[in-house]
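J.: The first sequence begins at 16 in my numbering and counts up one residue at a time.
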Amino acid sequence: MRYLVGMSETVIPTPYEPATIEPKWQTRWAERGTNEARLDTAERPFYSLMMFPYPSAEGLHVGNLFAFTGSDISARFHRLLGYDVFQPLGYDAFGIHSENYALKMGAHPMELTPKNVANFQRQLERAGLMVDWRQKLDTSRPEYYKWTQWVFLQLHKQGLAYKKAAAVNWCPSCKTVLANEQVEGGTCERCGTTVEQRFLEQWFFRTSAFAERLLNNLDWLDWSPVTKQAQRNWIGRSEGAQLSFRVSGHDEAVRVFTTRPDTIFGATYLVLAPEHPLVAALTTDAQREAVREYRDTATKQDLITRKSSKEKTGVFTGATATNPATGAQIPIWIADYVLMEYGTGAIMAVPGHDERDFEFAQRFKLPIVRVVAGPDDAADTPLGDAAYTDDAQGRLVNSGAFDGLAVSEAKRQVTAWLAEGGHGTAVTNFRLYDWCISRQRYWGPPIPIIYCDECGTVPVPESQLPVKLPFIPDFKPDDSGISPLARHEEWYRVPCPTCGKPARRETDVSDTFLDSAWYFLRYPSAQHTEVAFDPARTRKWLPVDSYIGGNEHAVLHLLYSRFVTMVMKDAGHIDFEEPFTRFRAHGMIIRDGAKMSKSKGNVINPDVYMDEWGTDAFRMYLMFLGPYEEGGDFRDQGISGVRRFLDRLWASVRDVSSEGTPDADVMRKLHRTIRKVGEDSAALSYNTAIAAMMEYMNTVRRSERTPHRDELLPLVQLTAPYAPHLAEECWEQLGHHTSVFDGGWPAFDPALLVEETVDLVVQVNGKLRGKLTVPIDVTQEAAMALAMADAGIAKHVTGEPKKVIFVPKRLLNIVV
RNA sequence: ACCCGGAUGGCGAAACCGGUAGACGCAAGAGACUUAAAAUCUCUCGUCCGUAAGGGCAUGCGGGUUCAAGUCCCGCUCCGGGUACCA
Numbered sequence: 016m017r018y019l020v021g022m023s024e025t026v027i028p029t030p031y032e033p034a035t036i037e038p039k040w041q042t043r044w045a046e047r048g049t050n051e052a053r054l055d056t057a058e059r060p061f062y063s064l065m066m067f068p069y070p071s072a073e074g075l076h077v078g079n080l081f082a083f084t085g086s087d088i089s090a091r092f093h094r095l096l097g098y099d100v101f102q103p104l105g106y107d108a109f110g111i112h113s114e115n116y117a118l119k120m121g122a123h124p125m126e127l128t129p130k131n132v133a134n135f136q137r138q139l140e141r142a143g144l145m146v147d148w149r150q151k152l153d154t155s156r157p158e159y160y161k162w163t164q165w166v167f168l169q170l171h172k173q174g175l176a177y178k179k180a181a182a183v184n185w186c187p188s189c190k191t192v193l194a195n196e197q198v199e200g201g202t203c204e205r206c207g208t209t210v211e212q213r214f215l216e217q218w219f220f221r222t223s224a225f226a227e228r229l230l231n232n233l234d235w236l237d238w239s240p241v242t243k244q245a246q247r248n249w250i251g252r253s254e255g256a257q258l259s260f261r262v263s264g265h266d267e268a269v270r271v272f273t274t275r276p277d278t279i280f281g282a283t284y285l286v287l288a289p290e291h292p293l294v295a296a297l298t299t300d301a302q303r304e305a306v307r308e309y310r311d312t313a314t315k316q317d318l319i320t321r322k323s324s325k326e327k328t329g330v331f332t333g334a335t336a337t338n339p340a341t342g343a344q345i346p347i348w349i350a351d352y353v354l355m356e357y358g359t360g361a362i363m364a365v366p367g368h369d370e371r372d373f374e375f376a377q378r379f380k381l382p383i384v385r386v387v388a389g390p391d392d393a394a395d396t397p398l399g400d401a402a403y404t405d406d407a408q409g410r411l412v413n414s415g416a417f418d419g420l421a422v423s424e425a426k427r428q429v430t431a432w433l434a435e436g437g438h439g440t441a442v443t444n445f446r447l448y449d450w451c452i453s454r455q456r457y458w459g460p461p462i463p464i465i466y467c468d469e470c471g472t473v474p475v476p477e478s479q480l481p482v483k484l485p486f487i488p489d490f491k492p493d494d495s496g497i498s499p500l501a502r503h504e505e506w507y508r509v510p511c512p513t514c515g516k517p518a519r520r521e522t523d524v525s526d527t528f529l530d531s532a533w534y535f536l537r538y539p540s541a542q543h544t545e546v547a548f549d550p551a552r553t554r555k556w557l558p559v560d561s562y563i564g565g566n567e568h569a570v571l572h573l574l575y576s577r578f579v580t581m582v583m584k585d586a587g588h589i590d591f592e593e594p595f596t597r598f599r600a601h602g603m604i605i606r607d608g609a610k611m612s613k614s615k616g617n618v619i620n621p622d623v624y625m626d627e628w629g630t631d632a633f634r635m636y637l638m639f640l641g642p643y644e645e646g647g648d649f650r651d652q653g654i655s656g657v658r659r660f661l662d663r664l665w666a667s668v669r670d671v672s673s674e675g676t677p678d679a680d681v682m683r684k685l686h687r688t689i690r691k692v693g694e695d696s697a698a699l700s701y702n703t704a705i706a707a708m709m710e711y712m713n714t715v716r717r718s719e720r721t722p723h724r725d726e727l728l729p730l731v732q733l734t735a736p737y738a739p740h741l742a743e744e745c746w747e748q749l750g751h752h753t754s755v756f757d758g759g760w761p762a763f764d765p766a767l768l769v770e771e772t773v774d775l776v777v778q779v780n781g782k783l784r785g786k787l788t789v790p791i792d793v794t795q796e797a798a799m800a801l802a803m804a805d806a807g808i809a810k811h812v813t814g815e816p817k818k819v820i821f822v823p824k825r826l827l828n829i830v831v
C-alpha cells in the first residue's frame, strides 16, 4: 500500500461507497440504454428468462432476488461472451394471491395491484438487474390479457377447450374452486382449510391429449434432471391393458384398466368407484339400499376424509361378472379406494398381488389366490399377511398354460390371449388429466365466451377483445359458487355476436396459470398492439435460450407453458413446440435451517441488507452462500466476507500502476482463474466462481507489490456479472468510457496454463507418506528413484515393493 | 408408502473421470497498527497422542469392491422436497 501521508503528495484513498456508485450506474444504464436489447437487429440473439414474480404487498422477497440474481449473472455473462442478450421481466399480477391479499386489507385489487407493482419496480431497479424494462409486462393490464383471451380462443377454435360438469375442489374459506394442484393433502394450499367436493360446469383444456408428446419431448430437452423427473411422474405413463368383464344377466360389461394383466387368473372380484355410471344398473334390489347409502356417504364426504382414511370400506352390489380367464363368477363391489378419475373407474382386484386389494379382501373375507410365485415359493405356498408384488422375480402359477412364465413375458402373452378372445386390448394410460381453467373469482381475465339461447356457446370475436374486467366494488366471492361477475347484469348482459339477440357473458375468469403459460411469447412483442406476438420478433428470439426458476413450478407452470406452445405450433402461429431450450432449477434460500416465513420471524428484507452492504455485496453473497442449484442457508455474518473482497478489489484498483511488467506468477494464476470463472459461470456454479475470484485477489495482494493494471483489469471483467456496479466503476477508473459489458470476456492464454512441475503425491500402501515436486513429464522410474531417495518415504518401504501404481501428474503408490 | 435430493470441521461449504479430504468464506484465538476501539493487515485453526519429529483417527451408520473410496456396489438411519389408495 502506498498511502503517502506527507507534504509532497497526499493520496486520500476513496472508500468504496455503494450508496454513491450504485445509483450512478443505474442512472447511466438507463440513460444510455445499456440494458436494452436490439430487438429487431440482434445478430446473436440470446433470450434469458426468469420467472416473473407476483407482486405481493410485502414486497420483494430474498427468494425472488436469489432467483433473479442467478439469472442476471447468466445473462450478463452471455452478453460478455458476445451475445445480444434480451432479459425481460414483468408481473404476474392477476390471481388468487393478489385477490386474497386485497380482501385481507379491505382494498380493491384494481387499486392495490398498481401500488404493489410500483413498490416491486422500485426494489427491482435497486437490484441492478440487466433488464430491458421497455418490454415490461403486467398480466392484469387489458393490453396483456386481451391476448390471454386470444390464446383461449385459439384453443377453443381447435376444440381443445371444452366445458363439462365436474367434481371440483371447493375451498369454503377462499370460496373458490381449486385446481387439484392447489390442494395439498386435502386442504387448501393457500389457507389450509379442508377442501370439499362440489359439482360445477367448468372450462377445461385438453392437456391429456398431449400427454405422450409432453412426455417424449423431455428426452431431448436440456433441463435440470429433477424437473424432468417431476414432469415424468406427473404425466404418469403406465402400460397395461383394458379388459372387459361380462356382467352376469346384463348386456353391459365392466371395463377395467390394469398394469398387471398377467395376474388375471387371480382376479377374484371387481371394484367400481362409487361414482361409476354402471353402479345403479348393476345393483340388485336386495343390495340397493346399502349401495345407495354407501354411495351417498362416499360422494358427500369431503376429499380429505375420503383420501386420508386408509381403512378400506365398500359394499357388494349383488351382481357378479365372469372372469374371462378362469370362467369363474366373481362378485362386483363398490369402494372408494377406486377413483373415478383414473383409468376406467373400475378395477379387477387381485388380492394376492396388490396391497390394496389384499387389505380389502381380508376385511371383507373375499378369496385370495396366488398366481405369482417368488423364487422361494411353491405354487401353493400361502401368501401370509401381505400381497406378493415383486414383478421382477415372480413367475406365474395357477394360471393354466401360462404357468412358469416370468411376469414381463406373461404380461405380453396373457394380453395377446385375452385380445384374441375379444376380452380386451393393450393400452397406455396417463395420470395427467385435463386442465381446469375456470375460476369463480374476480381477479383474472374474463373467459371470452358468450351464451346465446339461439346460437349456443359463442366465442367472443377476436375483434371485440379484450373483454374488459369491470371495476366492481363487491368483488368478494360468496359461497353461491358463482363468480362475483355473475352479480352484475349490466356487465354480463350483451347481444349475441352472431345473431344480435340478448345473450350473456361467461362470468368465470381464467386460471392465473394461463397468464403465465404464454408470457414468454409476449415479451419481445410487449409493445405491439395488433398481435399477441410479432412473427419476426418471435422468430428471432424464441424459443427461450435459458430459463431459470424454482422447481416448485416443475409440473404446473412449466407443463402448461409447454402445452400452450404445442397448441400454438399446431395452429401454425409459431414454428417450434418447446418453449424453453434450457431450463435450470435453482435451490431455495432457507434461514436457520428452516424455510423463511412470517410466522417464524426469519424473513429477510432485501432493502435492509442492500442499504447496509450495497447491492453488489448482497447479490454476490446470495450467490456465494451455497450452490445455486441447491440453495443455502442465509447468515447475516456471511456478507462481510464478500464485502471485504469488494473492498479489496476497490482498493487495489485505486492503487494500480501501469508501469513495469506484471508478475509472472500472478499472471499464471490469473489465466487459471479466467478459465475457472468462465467454466463455473456457464455451469451456474457461482459459489465456486466467486471463491476463485477471491483466491486470485489474495494472490495479487500477497505478491506485496503495487498491483499492475494488467493483473487487475481482467479481474474487474470477471467480477462484472456478479457485482456490476462496482465493475463499471472500476472499469471507468481504469480508463474506459464505454460499459464494461461491451468490453467482452477476457480470454485465457492456454500457454500460461501449462505447468512445468507438479506436486506428486507418494503413498505407501495407500497412505500418504510424502510429496515430491517433479517435472510434469517425470517417468515412473525417475519418480520411484526420487521417492526412495526421500528418507521420510523410504523408511516406510521395507523390502522390495510388490507393486507400484503410477498415475502421471498425480501420485505414486508403493505397495509392499 | 412411493419418487427425487441431501448428510463432509464450531458454521456456510470445496473436491474434474475413484488418486493430497476440508479450496473459498464466516466465527474463534494470537499478533501488528492505534491513547483506545472500530476498520485494516499478518499468522493459527478437523481431531487425538506427542515438547518436537512424527504417528493414529476422521466425509451419517454397517458391510463390500479396489493398490487407493466423500466419490462405485449392497443393506440401513436421519433430514429436506414432491406425489399420494394412479390399479
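Just so you know, even glycine gets a beta-carbon here, dropped at the ideal spot from N, CA and C.
Which whole-angstrom value describes the C-beta separation of T580 and D237, a residue pair presumed to lie in contact below a C-beta threshold of 8 Å?
T.: Their Cβ separation, rounded to whole angstroms, is 16 Å, which puts T580 and D237 out of contact at 8 Å.
J.: On the CB-based measure, 16 or more other CB atoms within 10 Å of its CB, does N231 come out buried or exposed?
T.: exposed
J.: Pull up the DSSP beta-bridge partners for Q244, would you.
T.: Looking at the DSSP assignment, Q244 forms no beta bridge with any residue, so it has no partner.
J.: I want to know whether the segment 678 to 686 touches the segment 651 to 667 - three or more CB-CB distances under 8 Å.
T.: no
J.: Taking the continuous alpha helix (DSSP H) assigned at R43, which residues delimit it?
T.: P33 to R47
J.: Express the C-alpha separation of L730 and E674 in angstroms, rounding to a whole number.
T.: 18 Å
J.: Determine the direct distance from the alpha carbon of A180 to that of M583, and round the result to whole angstroms.
T.: 27 Å
J.: Thinking R825 and G807 are a contact (beta carbons under 8 Å), I'd like their distance in whole angstroms, please.
T.: Wrong, their Cβ atoms sit about 19 Å apart, outside the cutoff.
J.: Determine the burial state of M145: buried for a count of at least 16 other Cβ atoms within 10 Å of its Cβ, exposed for fewer.
T.: buried
J.: Would you mind giving the Cβ-Cβ distance between P33 and D631, rounded to the nearest angstrom? I have them listed as a contact below 8 Å.
T.: 6 Å
J.: Mind checking P722: buried by the 16 CB within 10 Å criterion, or exposed?
T.: By the neighbour-count rule (16 or more Cβ atoms within 10 Å), P722 is buried.
J.: Could you say which of D792, A809 and A802 lies nearest to P823 if we only look at CA atoms?
T.: In terms of Cα proximity to P823, the closest of D792, A809 and A802 is D792.
J.: Is A434 helix, strand or coil when you go by DSSP?
T.: helix
J.: Pick helix, strand or coil for C189, following the three-state DSSP scheme.
T.: Coil, per DSSP.
J.: May I ask you to list the residues that DSSP assigns as paired with V442?
T.: As DSSP reads the structure, V442 sits in a beta bridge with G255.
J.: Are there 16 or more other CB atoms within 10 angstroms of the CB of T25, so buried, or fewer, so exposed?
T.: With a pLDDT of 35 at T25, under the threshold of 50, the modelled position of that residue is not reliable, and no figure is offered here.
J.: Do the CB positions of M363 and L433 come within less than 7 Å of each other?
T.: no
J.: Short of 6 Å in beta carbon distance, which residues of its chain neighbour T396, apart from the five on each side in sequence? Order them along the chain.
T.: Once the five neighbours on either side are set aside, T396 has no close Cβ partner at all.
J.: Return the bridge partner residues of A518 from the DSSP annotation.
T.: Answer by DSSP bridge pairing, in chain order: C467 and V509.
J.: According to DSSP, simplified to helix, strand and coil, what is N115?
T.: helix
J.: Taking the C-alpha atoms as reference points, what is the distance between Y711 and E747?
T.: 21 Å
J.: Taking the alpha helix (DSSP H) that W218 falls in, what are its first and last residues?
T.: Element bounds for W218: not the alpha helix (DSSP H) but the beta strand (DSSP E), E211 to F220.
J.: Could you check which residue in D300, E126 and R519 has the C-alpha nearest to that of D468?
T.: R519
J.: Taking the alpha-carbon positions, what's the R650 to P240 distance?
T.: 29 Å
J.: Is T472 helix, strand or coil when you go by DSSP?
T.: In this structure, DSSP gives T472 an extended state, which the three-state scheme calls strand.
J.: Please name the residue, chosen from Y575, F548 and Q778, that lies closest to L152 on a Cα-to-Cα basis.
T.: F548
J.: What whole-angstrom Cβ distance do T242 and A569 have, given they're in contact under 8 Å?
T.: A Cβ-Cβ distance of about 5 Å is found for the pair T242 and A569, placing them in contact under the 8 Å criterion.
J.: Which of the three DSSP states is assigned to S576 in this structure?
T.: S576 falls in the helix class under three-state DSSP.
J.: What is the residue span of the alpha helix (DSSP H) that N231 lies within?
T.: In the DSSP annotation of this structure, the continuous segment of the alpha helix (DSSP H) that includes N231 starts and ends at A226 to N231.
J.: Can the beta-carbon of A305 be found closer than 7 Å to that of P276?
T.: no
J.: So F535 and P594 are in contact, right, with Cβ under 8 Å, and what is the actual spacing, rounded?
T.: 6 Å
J.: Is the separation between the beta-carbon of V692 and that of L727 shorter than 7 Å?
T.: With respect to the 7 Å criterion, V692 and L727 are not classified as neighbours on the basis of their beta carbons.
J.: Within 10 angstroms of the Cβ of P289, are there 16 or more other Cβ atoms? Answer buried if so, exposed if not.
T.: buried
J.: What would DSSP say about V559, mapped onto helix, strand or coil?
T.: DSSP places V559 in strand when its eight states are reduced to three.
J.: Any idea if F214 is buried or exposed, counting beta-carbon neighbours within 10 angstroms, 16 or more meaning buried?
T.: exposed
J.: So, is R835 buried or exposed, given that buried needs 16 or more other C-beta atoms within 10 angstroms?
T.: In this structure the chain extends from 16 to 831, so residue 835 is not present and cannot be described.
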